[in-house]
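Down below is the structure, laid out as structure tokens.
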Amino acid sequence: MNLPNLLEAKKRSSKQVLIKTNEYIITENLKKIGAGKKYFVKTYGCQMNEHDTENIKAILEDMSFMEADIMEDADIILLNTCAIRENAHNKVFGMVGRIKHLKQTKPDLIVGICGCMAQEEHIVEEILQKYRWLDVVFGTHNIHELPRILNESLNKQKIEIDVQSIEGDVIENIPVKRESKYKAWVNIMYGCDKFCTYCIVPYTRGKQRSRTPEFILNEVNELVSRGYKEVTLLGQNVNAYGKDLNIDYGMADLLKDVAETKIERVRFVTSHPWDFTDEMIDTIAKYKNIMPYIHLPLQSGSSDILKKMGRRYTKEKYLELFNKIKTKIPNCAITTDIIVGFPNETDADFNETLDVVNQCKFDSAFTFIFSPRVGTPAAKMEDGISIETKEIRLQELNKLINKYSKEANDKYLGKIVPVLIEGYSEKDKDMLMGYTDTMKLVNVSGNKTMLGQIVDIKITDVKTWSMDGEII
Ligand code: 5AD
Ligand code: SF4
Numbered sequence: 001m002n003l004p005n006l007l008e009a010k011k012r013s014s015k016q017v018l019i020k021t022n023e024y025i026i027t028e029n030l031k032k033i034g035a036g037k038k039y040f041v042k043t044y045g046c047q048m049n050e051h052d053t054e055n056i057k058a059i060l061e062d063m064s065f066m067e068a069d070i071m072e073d074a075d076i077i078l079l080n081t082c083a084i085r086e087n088a089h090n091k092v093f094g095m096v097g098r099i100k101h102l103k104q105t106k107p108d109l110i111v112g113i114c115g116c117m118a119q120e121e122h123i124v125e126e127i128l129q130k131y132r133w134l135d136v137v138f139g140t141h142n143i144h145e146l147p148r149i150l151n152e153s154l155n156k157q158k159i160e161i162d163v164q165s166i167e168g169d170v171i172e173n174i175p176v177k178r179e180s181k182y183k184a185w186v187n188i189m190y191g192c193d194k195f196c197t198y199c200i201v202p203y204t205r206g207k208q209r210s211r212t213p214e215f216i217l218n219e220v221n222e223l224v225s226r227g228y229k230e231v232t233l234l235g236q237n238v239n240a241y242g243k244d245l246n247i248d249y250g251m252a253d254l255l256k257d258v259a260e261t262k263i264e265r266v267r268f269v270t271s272h273p274w275d276f277t278d279e280m281i282d283t284i285a286k287y288k289n290i291m292p293y294i295h296l297p298l299q300s301g302s303s304d305i306l307k308k309m310g311r312r313y314t315k316e317k318y319l320e321l322f323n324k325i326k327t328k329i330p331n332c333a334i335t336t337d338i339i340v341g342f343p344n345e346t347d348a349d350f351n352e353t354l355d356v357v358n359q360c361k362f363d364s365a366f367t368f369i370f371s372p373r374v375g376t377p378a379a380k381m382e383d384g385i386s387i388e389t390k391e392i393r394l395q396e397l398n399k400l401i402n403k404y405s406k407e408a409n410d411k412y413l414g415k416i417v418p419v420l421i422e423g424y425s426e427k428d429k430d431m432l433m434g435y436t437d438t439m440k441l442v443n444v445s446g447n448k449t450m451l452g453q454i455v456d457i458k459i460t461d462v463k464t465w466s467m468d469g470e471i472i
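Going by the numbering used here, the sequence shown runs without a break in its numbering and finishes at 472.
Right, here's the structure in full:
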């Protein structure tokens, strides 16, 4: 049993990150374990987790498991979890409760928890106290060991827990089963060293470690040759890309090199305002295939709160960067993340946030009430603000955000925009859906020959969250 350890997870050494190209191994024996059996993986949280699930699915298929359409049909269920806020945690344990009933009717069912929650010391303690009937727990650092971990779990009656609290390496040979045939996630870096005071990510995902440009460009070129139209470069803080590689090659260089492949659309998430260089902005402005869309988390508009959050920029610096981007890339859509109710956030602090929103008029925003995360500095800060006040602030903020989202969308009415048609609409299965270059969701009627194509669409109706369009 390897249990997570918060103190270990927090450590950062100057040790060189190892790039391991043959760490994922699967023996002939393990390749047959899943024959005739089905798996179901449920994913919570961010794009990084979605991409990890693509790795987990490929590994399970290497072990001969097949994907089940519904959880009830599966012989193995894995929950790939998120630790960023308390509600993600509640959702997972709600689901665990549902699965317990399933396991009572199907005793051979294997049930596992992986992802960010598995990296949390207090969560694994809770599992050991209340959910010992679970079969397997593994973390974000040892996905590539899934065949061995699963095999050990199958061979014993007790729960198998294997979580590594390490800074982490870069494992290059994990297989992937991609969700889409047209757009792909490409990891460019793992982990985070920023340690914003509210955030659990540096503890659950380890030290910042960049993949080398060669591995990334090979992956993009391979995707192009297989007909992919879009890549999203993934990292917790992509602007810091390359800083750990000691090769004088950063995010602007990588963006340039990826844009010069034949991929039609390049996106990247997530940016931190701190590392966003002028060179990056110029590169995004220069290349037509780098999409004019930037997710730029604000978190708070109050310089005092930003300081307490450890964000390393002020309200003024954020606005300066925002305006620079809008000047150099005039059609650029900018979205953001905002936390309300950080410990002892005053009305004046909150008004500063509203002021930034009024100035920036974001295309959209994800807004959250601060959620204390065990082990982070902010969780220990005194907080005199009631939850009622925080909820009222969130509602007020959302109203303003929605107003500007609708206003930003209104500008598209009657315009012709390129949309990568990627699937069927959630609401109406007869309709197709896709995203504009600026990441606006568009529903359109058409036929399946349009799937995977970038099509010019005339926008005929706009709502707060989506638009309707027609082929011209
Ligand atoms: N409480 C509330 N929101 C959080 N986020 C990260 N940590 C917390 C927390 N403890 C938000 C930030 C981040 C987004 C992914 O989640 O806004 O940008
Ligand atoms: Fe968390 Fe800050 Fe790192 Fe983003 S940059 S993952 S908010 S610590």
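Here a beta-carbon is modelled for each residue, glycine too, at the ideal position from N, C-alpha and C. Keep in mind the model is a prediction, meaning the values are calculated, not measured.
**Request:** Spatial neighbours of G242 within its chain, please: CB distance less than 6 Å, with the 5 preceding and 5 following residues excluded, ordered by chain position.
**Result:** S210, Y249, G250
**Item:** Beta-carbon gap between K286 and S303 smaller than 8 Å
**Value:** no
**Message:** Considering only heavy atoms of ligand 1 and the C-beta of each residue, which residues fall inside 6 Å, strictly closer?
**Reply:** I84, R85, Y198, C199, P297, Q299, D337, I339, F368, F370, S371, R373
**Item:** Sub-8 Å separation of Y198 and A58 beta-carbons
**Value:** no
**Asked** Which runs of the beta strand (DSSP E), 3 residues or longer, sit entirely within the segment 78-154?
**Response** 110-115, 136-138
**Message:** For the pair the segment 43-53 and the segment 13-26, tell me if three or more CB-CB distances fall below 8 Å.
**Reply:** no
**Asked** Around the Cβ of Q119, are there at least 16 other Cβ atoms within 10 angstroms (buried) or fewer (exposed)?
**Response** buried
**Prompt:** Which partner residues does A35 have in the DSSP bridge list?
**Reply:** BP columns for A35 are empty, so no partner.
**Request:** Please list, in chain order, all residues of the same chain as I338 whose beta carbon is under 6 Å from its beta carbon, the five residues on each side excluded.
**Result:** L298, A365, T367
**Request:** Kindly confirm or deny that the segment 181-191 and the segment 212-225 touch, where touching means at least three C-beta pairs closer than 8 Å.
**Result:** yes
**Request:** Could you give the DSSP three-state label for F322: helix, strand or coil?
**Result:** helix
**P418 - partner residues in DSSP beta bridges** = D456
**Item:** Exposed unless 16 or more other CB atoms sit within 10 angstroms - verdict on L413
**Value:** exposed
**Message:** Quick check: is any heavy atom of ligand 4 less than 7 Å from the C-beta of N151?
**Reply:** Ligand 4 is absent from the structure shown, which contains only ligand 1 and ligand 2.
**Where S484 falls: helix, strand or coil (DSSP)** = Outside the shown range of the chain (1 to 472) lies residue 484, about which nothing can therefore be said.
**Message:** The beta strand (DSSP E) that contains A184, what's its start and end?
**Reply:** 183-187
**Segment limits, alpha helix (DSSP H) that includes M48** = 47-62
**Asked** Of the residues N246, R148, D253, I290, which one's Cα is nearest the Cα of V266?
**Response** I290
**Asked** Can you list, in chain order, the residues of its chain whose CB lies under 7 Å from that of I305, leaving out five sequence neighbours each side?
**Response** F342, E345, D349
**Item:** Short Cβ contact (8 Å threshold) for I143 with D75
**Value:** no
**Request:** May I ask you to report which of helix, strand or coil DSSP gives K361?
**Result:** coil
**Prompt:** How about the segment 173-180 and the segment 148-163: do they share at least three Cβ pairs that are nearer than 8 Å?
**Reply:** no
**Request:** Return the first residue and the last residue of the alpha helix (DSSP H) that M280 is part of.
**Result:** 278-286
**Asked** If we ignore side chains and look at the alpha-carbon of each, how far apart do A83 and L234 end up?
**Response** 18 Å
**Asked** Using 8 Å as the threshold, is the segment 112-132 in touch with the segment 76-95, meaning 3 or more CB pairs across them?
**Response** yes
**Request:** In the DSSP assignment, find the beta strand (DSSP E) that holds M467 and state where it starts and stops.
**Result:** 467-471
**Item:** With 16 other Cβ atoms within 10 Å as the buried cut-off, status of R132
**Value:** exposed
**Extent of the continuous beta strand (DSSP E) run through D162** = 160-162
**S445, enclosing alpha helix (DSSP H) - first and last residue** = Element bounds for S445: not the alpha helix (DSSP H) but the beta strand (DSSP E), 441-445.
**Asked** Counting along the chain, where does the alpha helix (DSSP H) carrying D253 start and finish?
**Response** 251-259
**Prompt:** For the putative contact between L109 and I77, defined by C-beta atoms under 8 Å, what is the C-beta separation to the nearest angstrom?
**Reply:** 7 Å
**Request:** Per DSSP, which residues does P234 bridge with? Please list them.
**Result:** According to the sequence shown, residue 234 is Leu rather than Pro. According to DSSP, which records beta bridges pairwise, L234 is partnered with N187, V269.
**Request:** Flag this pair as yes or no: are the beta carbons of I166 and V137 separated by less than 8 Å?
**Result:** no
**Prompt:** By Cβ distance, which residues of its chain are closer than 8 Å to E422, with the 5 residues on each side in sequence left out?
**Reply:** S180, Y182, K183, M433, G434, Y435, L451, G452
**Reduced DSSP category for E264 - H, G, I as helix; E, B as strand; rest coil** = coil
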